[in-house]
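Novice:
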Amino acid sequence: MKVLGISGSMRKNGNTAILIQKILEHVTENGCDEIETEFVSLSGKEIKPCIGCEKCKESKWCTIISDDWEEIAEKVVECDVLILGSPTYYYDVCGQVKNFMDRTYSLYHDRKLAGKHAIVVAVCAYRGCDRTLETLEGFVNSHEFCYLGYVNGRGYHVGDILNDEIALEMTEKVATKIHKLLSNTLAGRKTKK
Ligand SMILES: Cc1cc2nc3c(=O)[nH]c(=O)nc-3n(C[C@H](O)[C@H](O)[C@H](O)COP(=O)(O)O)c2cc1C
Numbered sequence: 265m266k267v268l269g270i271s272g273s274m275r276k277n278g279n280t281a282i283l284i285q286k287i288l289e290h291v292t293e294n295g296c297d298e299i300e301t302e303f304v305s306l307s308g309k310e311i312k313p314c315i316g317c318e319k320c321k322e323s324k325w326c327t328i329i330s331d332d333w334e335e336i337a338e339k340v341v342e343c344d345v346l347i348l349g350s351p352t353y354y355y356d357v358c359g360q361v362k363n364f365m366d367r368t369y370s371l372y373h374d375r376k377l378a379g380k381h382a383i384v385v386a387v388c389a390y391r392g393c394d395r396t397l398e399t400l401e402g403f404v405n406s407h408e409f410c411y412l413g414y415v416n417g418r419g420y421h422v423g424d425i426l427n428d429e430i431a432l433e434m435t436e437k438v439a440t441k442i443h444k445l446l447s448n449t450l451a452g453r454k455t456k457k
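Numbers in the numbering used here are just positions in the sequence shown, counted from 1, shifted up by 264.
1. Taking 8 Å as the cut-off, is the CB of Met-274 close to at least one heavy atom of ligand 1?
2. Taking DSSP as the reference, what is the three-state secondary structure of Glu-492?
3. My parser needs the alpha helix (DSSP H) runs of 4 or more residues fully inside the segment 362–431; what are they?
4. Identify whether Ser-447 lies in helix, strand or coil by the three-state DSSP scheme.
5. Just tell me which of Lys-456, Lys-454 and Glu-436 has its CA closest to the CA of Asn-294.
6. Would Ser-273 be called buried (16 or more neighbouring beta carbons within 10 Å of its own) or exposed?
7. Kindly indicate the opening and closing residues of the beta strand (DSSP E) around Lys-266.
8. Using beta-carbon positions only, say whether Cys-410 and His-381 come within less than 9 Å of one another.
9. Buried or exposed: Ser-323, going by 16 or more other Cβ atoms within 10 Å of its Cβ?
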């Protein structure tokens with residue numbers, strides 16, 4: 265089973281990336297060979313905006329194929345648990361995350377992501393995390409993911425988040441939740457066999 269963490273920050277090793285990687289590390293620490301984790305940063309990736317062509321209603325896949333969206337979207341389609349995180353820019357998600365989410369409209373028509381599980385992560389320096397979380401939750405709810413919870417924290421400079429003990433505790437809690445869920449799913453599959 266696969267847990268995919270995506271940091272939408274343009275700072276490759278920034279605060280959002282740190283929180284997401286902490287969650288993934290805790291999932292791995294809990295142990296289970298059948299649970300795989302992967303981290304993807306949207307930093308350095310070209311994610312063009314949705315052009316609203318609506319062609320994906322027919323094609324069921326985004327018709328813009330000249331950038332990096334497709335490669336990451338394929339990973340989202342294949343994962344069991346998605347952790348999506350964004351830094352707060354003007355009280356909301358950053359542009360890269362918004363572009364990424366908008367392009368998944370192509371997966372929305374047939375609810376290709378429905379039933380997968382999701383965690384959202386938001387970081388801000390002072391204020392605005394609430395709206396960032398709300399936007400991420402809107403994405404999760406629209407696609408009919410099963411929402412597992414969130415992690416939020418405060419930090420300005422890269423690495424500041426490591427001083428936010430509450431956020432770090434939250435990463436452990438959600439990781440335990442993910443691990444329990446996937447372990448139970450695996451156990452259920454074995455009982456059925
Ligand atoms: C363009 C821009 C807008 C920002 N807007 C906010 C904001 O509205 N509220 C806030 O508390 N911090 C804001 N910040 C600070 C970032 O949220 C903060 O530095 C965060 O730690 C960045 O996370 P990252 O390291 O994962 O990129 C802004 C930063 C930038 C570059």
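Quick reminder that beta carbons are idealized off the backbone N, C-alpha and C, glycines included.
Specialist: Quick answer:
1. yes
2. Residue 492 lies beyond the stretch modelled for the chain, which goes from 265 to 457, so this question has no answer here.
3. Fully enclosed alpha helix (DSSP H) runs of 4 or longer: 369–372 and 393–406.
4. helix
5. Residue Glu-436 is the option with its Cα nearest to Asn-294.
6. buried
7. 266–271
8. Result yes, Cβ atoms of Cys-410 and His-381 sit closer than 9 Å.
9. exposed
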